[in-house]
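See below for the structure under consideration.
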Amino acid sequence: MFDFLVKWKINSAFRDNKRKHAFRNLESMKSVLILFSYNDWPAIAAISKDLTANGKKVTLWTYQSTKKAPGNTIFPANVRIIHPQEMSLLQILAPSVLDEFKALEYDTLIDLTTTESKVYEYLLANNSSEFSIGIIKPDRPFYDFLVLKTDEMNLQETYQQIKNYLSKVL
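In the numbering used here, the protein residues as written are 0 to 169.
Given below as structure tokens:
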């Protein structure tokens, strides 16, 4: 029953989202929001560093699905971690987290998540970017540009493929 309500909430947010769509090449991107899976931080850190070196303002969001995460990772200030206690009983984001997400200013969203979660789908449904990039074929048309990540590719290789495509587009 809860799963039905979560799907309904995601579908409702996606249907109500009236974001503008515009294709951007690598040069025209100014600010990038990256969604990523918590355990992929080492690869994402390198990707973030590369984007920053190319003059992009980078903001990162992830979801820590368990109360106690393995290891003792220290994240920089531009990483927003959604913790389990910021979720409702229905596993939907707390209104304050959603308001924080909606207040972000970015022209491009890159979804580099490698794990499925309704949290990421809900964020994507509320995405306000003009250009949205993904690496996994979703159930809904969340993305303007899709580069499928194969099982043989790591995130760095997938990012390089995205970067190559976007740098060749006028």
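Using N, Cα and C, we set each Cβ at its ideal position, and we do this for glycine too.
Per-residue burial, residue i [other beta carbons within 10 Å of its own, 16 or more giving buried]
{"i": "Ala76", "result": "exposed"}
{"i": "Ala42", "result": "buried"}
{"i": "Gly133", "result": "buried"}
{"i": "Phe35", "result": "buried"}
{"i": "Thr114", "result": "exposed"}
{"i": "Arg139", "result": "exposed"}
{"i": "Ser87", "result": "exposed"}
{"i": "Glu234", "result": "Outside the shown range of the chain, which is 0 to 169, sits residue 234, and nothing can be said about it."}
Nearest to residue i (by Cα), restricted to the options the options
{"i": "Thr61", "options": "Ile109, Val5 and Glu151", "result": "Ile109"}
{"i": "Gly54", "options": "Ser30, Ile73 and Trp40", "result": "Ser30"}
{"i": "Gln159", "options": "Leu111, Phe130, Arg139 and Glu120", "result": "Leu111"}
{"i": "Thr107", "options": "Gln63, Ala21 and Asp2", "result": "Ala21"}
{"i": "Glu26", "options": "Glu99, Lys8 and Lys56", "result": "Lys56"}
CA-to-CA distance, residue j to residue i, given in whole angstroms
{"i": "Ile73", "j": "Phe141", "result": "30 Å"}
{"i": "Val118", "j": "Lys167", "result": "33 Å"}
{"i": "Leu147", "j": "Thr157", "result": "8 Å"}
{"i": "Ile46", "j": "Gln155", "result": "7 Å"}
{"i": "Asn126", "j": "Arg18", "result": "8 Å"}
{"i": "Val5", "j": "Thr58", "result": "26 Å"}
{"i": "Ser95", "j": "Lys162", "result": "33 Å"}
{"i": "Thr65", "j": "Asp15", "result": "30 Å"}
{"i": "Asn10", "j": "Ala124", "result": "8 Å"}
{"i": "Leu165", "j": "His82", "result": "33 Å"}
{"i": "Ile44", "j": "Thr51", "result": "First, the residue type needs correcting, since residue 44 is Ala and not Ile in the sequence shown. Ala44 and Thr51: Cα-Cα distance of roughly 10 Å."}
Element boundaries [alpha helix (DSSP H), containing residue i]
{"i": "Tyr158", "result": "Leu154 to Lys167"}
{"i": "Ile46", "result": "Trp40 to Ala52"}
Where the beta strand (DSSP E) through residue i begins and ends
{"i": "Ser36", "result": "Ser30 to Ser36"}
{"i": "Lys56", "result": "Lys56 to Tyr62"}
{"i": "Asn79", "result": "Reading the sequence as shown, one finds Arg at residue 79 and not Asn. Where Arg79 is concerned, the enclosing beta strand (DSSP E) stretches over Val78 to Ile81."}
### Query
Which runs of the beta strand (DSSP E) spanning at least 3 residues fall entirely within the segment 91 to 149, listed in chain order?
107 to 111 and 130 to 133
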